[in-house]
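Sequential numbering of the sequence shown, starting at 48, is according to the working numbering. All residues carry an ideal CB built from backbone N, CA and C; glycine is no exception.
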Amino acid sequence: MKKVGLGIIGCGWAARDLYEPAFRFLKNGRVVAVMDINESKAKFLKELYGVPRYYTDLDDMLRDKEVEAVVVLTPPHHHLEPVVKSAEAGKHVYCEKPMAPTVQEADRMIEACRRNKVKFMIAFMKRFNKSFRFVKKLIDEDRLGSVFELRARWDNARVGKMSETQYRLKLISGGGFLQEDGSHPLDICRWWLGDVEEVNAYVAIIAPDRHETDDMACVTMRHKSGAISTLHITMITHTKGEESYELYGTKGTLIMKWLYHSSRSPEPALIHLYRNSREVQDLTLSSSWNPLQELRDNWQYLRELEHFCECILHDKEPYCTGEDGRAVVEIVNAAYISAWKHERIRLPLKVTPDLKEFFIELRSKSPWSLGEKEWSSWY
């Protein structure tokens, strides 16, 4: 069976830990090369995946004829160059989220892939999670009626555990926790309720002695359908890290919740549908008795990579396009501008200002500070 030859760009935490099970069980593709400017990381990943070669120069890898498509796993502020160069080399592109720090960079990526006629997919893996897809099906089948409100909550305890991914909270990234982790629930809000036309947000830095960008945010969006969605997100939490979604429709209310984040396990979410204040349906999906089989069938990172390879093999449009990635970048940018200017922001954005000034001001005016005693409680 034909398999797509994949080249991994960026050999850090995501490639080493997050995607390793997915690449191990991938049926429609195989890793043929890895690349990182840090040679020790590239060498380690080469051995981990058992691939024949590694590169420390992007151009060298793009000349590799066995590499038909690339998997871009670099930090978001380093997505532009590998995406554009890969497209110009005729390689199909799978790019981790967030797609880019700005709409302008996102547009350049989309144009490069369109001009060179290569597939371009953004890694919104939650769209491939069976629980999220089940809820999407319920919405499309009108089981909830007209959904007028969605409340999303994302608590992810990351304090003291981000040494390798600390770039997420540095000015150089162009955004903070909302940009990095918030991209997932923001995409879900848009996927379930449709395009967004207005954004209002508050963001904060609770640990200004450690973080240069936001570590907490509250975002309200008005969708073109008239529905309202809100996202509360923080990494300053003493919980294990909870993720939940509440959908309010004219025919019912659905509550979907994980005790831990969906990205950590193929296990399904707890899903309950409420009607008339009395009826409760448990719609939680079942999982296989065999954990390995569950991973093979439903691990979201594996499913999205399989889909990407299938799109290449059968010339199909990816389920998560560059335009989907751009839409979330625009929402994030609008949220930061809203918090900065203290006003609601209508989409599309007319201009994206340099947000460094905003984050510097936000940090300097933060009324909070985590001392060593409080900070050490996360270790």
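(1) Taking C-alpha atoms, which residue in GLY223, HIS231, ASP106 lies nearest to VAL375?
(2) If the criterion is Cβ atoms closer than 8 Å, does the pair LYS50 and ARG71 meet it?
(3) Helix, strand or coil for TYR426? Go by DSSP, reduced to three states.
(4) In this structure, does DSSP put ARG200 in helix, strand or coil?
(5) Between the alpha carbons of SER272 and ALA316, how many angstroms are there, rounded?
(6) Under the three-state reduction of DSSP, which class applies to PHE171: helix, strand or coil?
(7) Residue ranges of each alpha helix (DSSP H) run of no fewer than 4 residues wholly in the segment 211-263, ordered along the chain?
(8) Can you say whether GLN328 is buried or exposed, counting buried as having 16 or more other CB atoms within 10 angstroms of its CB?
(9) Among VAL131, CYS142, MET108, MET82, which one has its Cα closest to the Cα of GLU351?
(10) Please identify the residue among ASN85, VAL194, LYS177 whose C-alpha is closest to the C-alpha of TRP60.
(11) Any chance the segment 183-191 sits against the segment 259-271, with 3 or more Cβ pairs inside 8 Å?
(12) Is the separation between the beta-carbon of VAL117 and that of LYS138 shorter than 8 Å?
(13) Can you list the alpha helix (DSSP H) stretches of 4 or more residues lying completely in the segment 327-371, in chain order?
(14) Using a threshold of 8 Å, state whether the C-beta atoms of HIS124 and SER220 are closer than that.
(15) Rounded to whole angstroms, what is the Cα-Cα separation between ARG215 and ASP111?
(16) Between ASN380, LEU394, TRP415, which has its C-alpha nearest PHE405's C-alpha?
(17) Count the C-beta pairs between the segment 396-414 and the segment 197-206 that are closer than 8 Å, then say yes if the count reaches three, no if not.
(18) Do GLY54 and ALA80 have their beta-carbon atoms positioned less than 8 Å apart in this structure?
(19) When the Cα atoms are used, what is the spatial distance from GLU196 to LEU349?
(20) Can you list, in chain order, the stretches of the alpha helix (DSSP H) that have 4 or more residues and sit fully within the segment 116-202?
(21) Applying the criterion that 16 or more other CB atoms from any shown protein chain within 10 Å of the CB defines a buried residue, is LYS363 buried or exposed?
(22) Let me know if HIS258 comes out buried or exposed under the rule of 16 or more other beta-carbons within 10 Å of its beta-carbon.
(23) Note down, in chain order, each residue of its chain lying with its Cβ closer than 6 Å to the Cβ of TYR292, except the 5 sequence neighbours on either side.
(24) Use the C-beta contact count for GLN213: other C-beta atoms within 10 angstroms, 16 or more gives buried, fewer gives exposed.
(25) Provide the residue(s) that pair with SER291 in DSSP beta bridges, ordered along the chain.
(26) Tell me, which residues are paired with ARG52 by DSSP?
(27) Pull up the CB-CB distance for ASN75 and GLU357, whole angstroms please, since I reckon it's below 8 Å.
(28) Secondary structure at TYR96, three-state DSSP: helix, strand or coil?
(29) Roughly how many angstroms lie between the CA atoms of ASP106 and LYS88, to the nearest whole one?
(30) Anyone know if the C-beta pair for ASP256 and SER385 falls short of 8 Å?
Per the coordinate set shown:
(1) Residue mapping note: residue 375 aligns to position 328 of the sequence shown, counting from 1. With distances taken between Cα atoms, VAL375 lies closest to HIS231.
(2) Against the sequence shown, residue 50 aligns to sequence position 3. Against the sequence shown, residue 71 aligns to sequence position 24. Going by C-beta atoms, LYS50 is not nearer than 8 Å to ARG71.
(3) Residue mapping note: residue 426 aligns to position 379 of the sequence shown, counting from 1. Confidence in TYR426 is poor, its pLDDT being 47 and thus under 50, which makes the residue's placement unreliable; the coordinate value appears in the next sentence. Reduced to three states, the DSSP call for TYR426 is coil.
(4) Walking along the sequence shown from the start, residue 200 turns up at place 153. Here ARG200 sits in strand by DSSP.
(5) Start at 1 with the first residue of the sequence shown, and residue 272 comes out as number 225. Start at 1 with the first residue of the sequence shown, and residue 316 comes out as number 269. Near 27 Å, if we compare the C-alpha coordinates of ALA316 and SER272.
(6) For the purposes of this step, residue 171 is taken as residue 124 along the sequence shown, with counting starting at 1. PHE171 falls in the coil class under three-state DSSP.
(7) 224-227, 230-240
(8) Taking the first residue of the sequence shown as position 1, residue 328 is located at position 281. Label assigned to GLN328: exposed.
(9) The residue labelled residue 351 in the question sits at position 304 within the sequence shown. The option with the nearest alpha carbon to GLU351 is CYS142.
(10) In the sequence shown, the residue the question calls residue 60 occupies position 13. Checking every option, the nearest Cα to that of TRP60 belongs to ASN85.
(11) no
(12) Position 70 of the sequence shown, counted from the first residue, corresponds to residue 117. Position 91 of the sequence shown, counted from the first residue, corresponds to residue 138. Taking 8 Å as the Cβ cut-off, VAL117 and LYS138 qualify as a contacting pair.
(13) 338-345, 347-361
(14) Counting from one through the sequence shown, the residue named residue 124 turns up at place 77. Counting from one through the sequence shown, the residue named residue 220 turns up at place 173. Against a cut-off of 8 Å, the Cβ pair of SER220 and HIS124 comes out as a contact.
(15) To locate residue 215, count along the sequence shown from 1; it is residue 168. To locate residue 111, count along the sequence shown from 1; it is residue 64. Roughly 31 Å separates the two Cα atoms.
(16) In the sequence shown, residue 405 corresponds to position 358, counting from 1. Nearest option by C-alpha distance: ASN380.
(17) no
(18) Residue numbering aside, residue 80 sits at position 33 when the sequence shown is read from its first letter. Residue numbering aside, residue 54 sits at position 7 when the sequence shown is read from its first letter. Contact: yes.
(19) As a first step, residue 196 must be located in the sequence shown, where it is residue number 149. As a first step, residue 349 must be located in the sequence shown, where it is residue number 302. GLU196 and LEU349: Cα-Cα distance of roughly 31 Å.
(20) 127-135, 150-162, 177-187
(21) Locating residue 363 in the sequence shown gives position 316, counting from the first residue. The residue in question, LYS363, is exposed, as its Cβ has fewer than 16 Cβ neighbours within 10 Å.
(22) As a working mapping, residue 258 is identified with position 211 in the sequence shown. Its Cβ being crowded by 16 or more others within 10 Å, HIS258 is buried.
(23) By 1-based counting over the sequence shown, the position of residue 292 is 245. Contacts found: ALA199, MET303.
(24) Residue mapping note: residue 213 aligns to position 166 of the sequence shown, counting from 1. Flag for GLN213 reads exposed.
(25) In the sequence shown, counting from the first residue as 1, residue 291 sits at position 244. DSSP output for SER291 lists ARG200, LYS304 as bridge partner(s).
(26) The residue you call residue 52 lines up with position 5 of the sequence shown. Checking the sequence, you will find Gly at residue 52 rather than Arg. According to DSSP, which records beta bridges pairwise, GLY52 is partnered with ARG77.
(27) Within the sequence shown, residue 75 is the residue found at index 28, counting from 1. Within the sequence shown, residue 357 is the residue found at index 310, counting from 1. 6 Å between Cβ atoms; contact.
(28) Within the sequence shown, numbered from 1, the residue matching residue 96 stands at position 49. Three-state DSSP puts TYR96 in a helix.
(29) Residue 106 sits at position 59 when you count from the first residue of the sequence shown. Residue 88 sits at position 41 when you count from the first residue of the sequence shown. Their backbone Cα atoms lie some 18 Å apart in a straight line.
(30) Looking up residue 256 in the sequence shown gives position 209. Looking up residue 385 in the sequence shown gives position 338. No, they are not a contact pair.
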